[in-house]
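First up is the structure itself, then whatever we jot down about it.
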Amino acid sequence: MAAPSPAPVLLWFERDLRLADNPALTAAIAGGRPVLPVFVLDDETPGAWRPGGASRWWLHHSLAALAGALGRLGLPLVLRRGNAEAVIPALAAEAGAAAVTWTRRYEPWNRARDARIKETLTAAGVTATSHNGTLLHEPWTVKTGDGRPYQVFTPYWRAIRGRAGPDRPLPAPPSATAPASVPHGLELAALDLLPTRPDWAGGLRQAWQPGEDGARQRLAAFVRRGLKGYGAGRDRPDRAGTSMLSPHLHFGEISPGTAWTAVDGAGAADPALAADAEAYLRELGWREFSYQLLFHHDDLADAALRPEYGAFPWRDDPAGLAAWQRGRTGYPIVDAGMRQLWQTGWMHNRVRMVAASFLIKDLLLPWQAGERWFWDTLVDADLANNAASWQWVAGCGADAAPFFRIFNPVLQGQKFDPDGSYVRRFVPELARLPDRWVHQPWAAPSAVLADAGVRLGQDYPRPIVDHAAARPRALAALATLKETAS
């Protein structure tokens, strides 16, 4: 008579959708039991921010890639949907699992939910363990000398830079054992993650390869061709000067330790790359800092960290918000960024700052409105980074840029897109304008506009606000906070 199959380990892929350097997967296999991978689309946890449209598109393709990779290991991927607090314990019972393991999430609702799941599983006699697969440093492990969380990035960066680097990333396991019996799961299409009627994701498909293989290829290409000159080139939207790893990191298709090790190693091996490598590692450090802020401030995505900004006199301007969202502000560098976002699900970081400054300070619209739009349209929409970065631009966050730092969109375009190639790519109606006028078409002589085929107010909008007037208006709004405080 055959011996009964041992009880499996349920491996819950919350978001780290990869096989390599995945501590939960490593732990599941190390126990010697069969492994049952599962993903739960949870749109039901109370208070959670439901993933936006671009994120859901990415998630569909990332799950398809993960299922393929697991299949090559001989493992199925069981897909379910519902409140994970109910689904995970029920699935563990259905599978007769001896243990459940996953990598941790740091959003406040996920932390609370996962703690309750642990309690439920433990009460049922199921071992429940979670691991750090998302960050280089857990948010509670980096503290000031007096034991408080850092509120300023530079000392935080010094603290983590002074630590030993991450352990060498683990390769994907060569094999694993599936359970003898696998509970039913949904088809990927049943999760309804892809856009339909209309399918607006054509630009995303052209720009990205979601999944672990795409992440590895993107990292290798960056280290090989993009790292040199990164320190200065990352501010130039007209060049391929950034890693574009952010969505892969967000979905955990590559670990931050893998990215760190590759870039740090390249800088150590070639002194000519050392400064550029350090600049990129510092960006990983900002990602860590953002997660620390979120961990210690549950309302980071909703409320200003500096409470006095709760009384800021924001304007109510639906037409202005819509023009910003559509890339129809009349300021070419802002419009190019917003159209790049809509077409590709991503925006160059320098232009993100310029576009955010325009919304907050030229239009005097609340930073939360921009944060929500980015959440829906970015393939790398990450609660911690999105919220921390919007608060930074708005001057109301930790270590924030002062509110009176107001980007001039014309000067920013001229400095970082000097020949207008970025604008011409995403605002093609201005493609024939000479470089001198491409960032300020309203100032071009009528003959130049005619030669370029540009009819202001018809082909391309006139500015919806005069920056020269908007800047003092923003500073006057800021002054009301000081008056209230006094």
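Here the UniProt record's numbering is used: the first residue of the sequence shown is 1, the next is one more, and so on.
In this text, a Cβ means the ideal position worked out from N, Cα and C, and glycines have one as well.
When DSSP labels each residue in this structure, what does residue i get in the three-state scheme?
| i | result |
| --- | --- |
| Ile-406 | coil |
| Pro-149 | coil |
| Trp-12 | strand |
| Ser-130 | strand |
| Tyr-460 | strand |
| Leu-284 | helix |
| Leu-359 | helix |
| Val-423 | helix |
| Met-1 | Because Met-1 sits at a pLDDT of 46, beneath the cut-off of 50, its placement in the model cannot be relied upon, and the point is left open. |
| Ala-474 | helix |
| Phe-251 | coil |
| Lys-482 | helix |
| Pro-37 | strand |
| Asp-399 | coil |
| Pro-174 | coil |
| Tyr-230 | helix |
| Asp-451 | helix |
| Asp-276 | helix |
| Phe-416 | helix |
| Phe-312 | coil |
| Val-393 | helix |
| Leu-293 | helix |
| Thr-242 | coil |
Considering only the beta carbon of each residue, do residue i and residue j sit closer than 8 Å?
| i | j | result |
| --- | --- | --- |
| His-131 | Arg-148 | no |
| residue 568 | Asn-83 | Since the first residue shown for the chain is 1 and the last is 486, residue 568 is missing from the structure and cannot be characterised. |
| Trp-140 | Gly-285 | no |
| His-467 | Pro-418 | no |
| Gly-370 | Val-354 | no |
| Leu-245 | Ala-384 | no |
| Trp-200 | Pro-247 | no |
| Leu-305 | Gly-397 | yes |
| His-439 | Pro-332 | yes |
| Leu-73 | Phe-13 | no |
| Gln-292 | Tyr-150 | yes |
| Asp-235 | Phe-416 | yes |
| Ala-444 | Trp-437 | yes |
| Thr-134 | Asp-16 | yes |
Quick check on the DSSP output: the alpha helix (DSSP H) that includes residue i runs from which residue to which?
| i | result |
| --- | --- |
| Thr-258 | 256-269 |
| Trp-140 | Here Trp-140 belongs to no alpha helix (DSSP H), and DSSP marks it neither H nor E. |
| Leu-204 | 202-207 |
| Pro-108 | 108-123 |
| Pro-89 | 84-95 |
| Ser-181 | Where Ser-181 is concerned, there is no enclosing alpha helix (DSSP H), given that its DSSP letter is neither H nor E. |
| Pro-434 | Counting along the chain, Pro-434 falls outside any alpha helix (DSSP H), and DSSP gives it neither H nor E. |
| Met-338 | 332-344 |
| Arg-326 | 318-326 |
| Gln-440 | Taken as a continuous stretch (DSSP letters only), Gln-440 belongs to no alpha helix (DSSP H), as it is neither H nor E. |
| Asp-213 | 212-221 |
| Leu-63 | 53-73 |
Can you check which of these residues, the options, is closest to residue i by C-alpha distance?
| i | options | result |
| --- | --- | --- |
| residue 490 | Pro-183, Gln-217, Asp-335, Thr-154 | Since the displayed the chain opens at 1 and closes at 486, residue 490 lies outside it and no answer follows. |
| Tyr-280 | Pro-256, Tyr-291, Ala-86, Gln-391 | Pro-256 |
| Leu-363 | Leu-188, Asp-16, Ala-322 | Ala-322 |
| Pro-8 | Val-40, Val-126, Ala-201, Ile-117 | Val-126 |
| Leu-300 | Ala-356, Pro-210, Gln-391, Lys-228 | Gln-391 |
| Leu-59 | Ala-164, His-137, Ala-450, Gly-345 | Gly-345 |
| Glu-253 | Leu-19, Trp-12, Pro-6, Leu-10 | Leu-19 |
| Glu-187 | Ala-24, Leu-481, Pro-76 | Pro-76 |
| residue 487 | Arg-287, Pro-23, Ala-178 | Beyond the ends of the chain as shown, which are 1 and 486, falls residue 487; an answer cannot be given. |
| Val-40 | Val-78, Leu-70, Ala-30, Pro-34 | Val-78 |
| Pro-428 | Asp-459, Gly-413, Pro-402 | Asp-459 |
| Gly-327 | Asp-316, Gln-340, Pro-318 | Gln-340 |
| Ala-394 | Leu-478, Asp-435, Gly-413 | Leu-478 |
| Ala-48 | Pro-174, Ala-98, Asn-110 | Asn-110 |
| Ala-27 | Leu-204, Leu-17, Asp-16, Leu-11 | Leu-11 |
| Glu-138 | Tyr-106, Gly-165, Arg-116, Ala-164 | Tyr-106 |
List the endpoints of the continuous beta strand (DSSP E) containing residue i.
| i | result |
| --- | --- |
| Trp-102 | 99-103 |
| Phe-374 | It is not in any beta strand (DSSP E) - Phe-374 instead sits in the alpha helix (DSSP H) that spans 367-377. |
| Leu-19 | Segment: none, Leu-19 is in no beta strand (DSSP E) and carries neither H nor E. |
| Arg-81 | 78-81 |
List the whole-angstrom C-beta distance separating residue i from residue j, where the pair is believed to meet the contact cut-off of C-beta under 8 Å.
| i | j | result |
| --- | --- | --- |
| Trp-57 | Leu-193 | 7 Å |
| Thr-377 | Ala-54 | 5 Å |
| Thr-329 | Phe-358 | 7 Å |
| Leu-136 | Glu-278 | About 15 Å; that fails the 8 Å criterion. |
| Ala-124 | Ala-93 | 7 Å |
| Val-35 | Ala-178 | 7 Å |
| Arg-215 | Gly-226 | Sequence check: residue 215 is Ala here, not Arg. Actually they do not touch by this definition, with Cβ atoms about 14 Å apart. |
| Asp-380 | His-250 | 5 Å |
| Gly-276 | Gly-320 | Looking at the sequence shown, residue 276 is not Gly but Asp. 38 Å between Cβ atoms; not a contact. |
Would a check of beta-carbon distances place residue i closer than 8 Å to chain B?
| i | result |
| --- | --- |
| Ser-446 | Annotation note: the requested chain B is absent from the structure, which comprises a single protein chain. |
Relative to the ligand FAD, is the shortest distance from any of its heavy atoms to the C-beta of residue i smaller than 7 Å?
| i | result |
| --- | --- |
| Gly-71 | The ligand FAD is absent from the structure shown, which contains no ligand whatsoever. |
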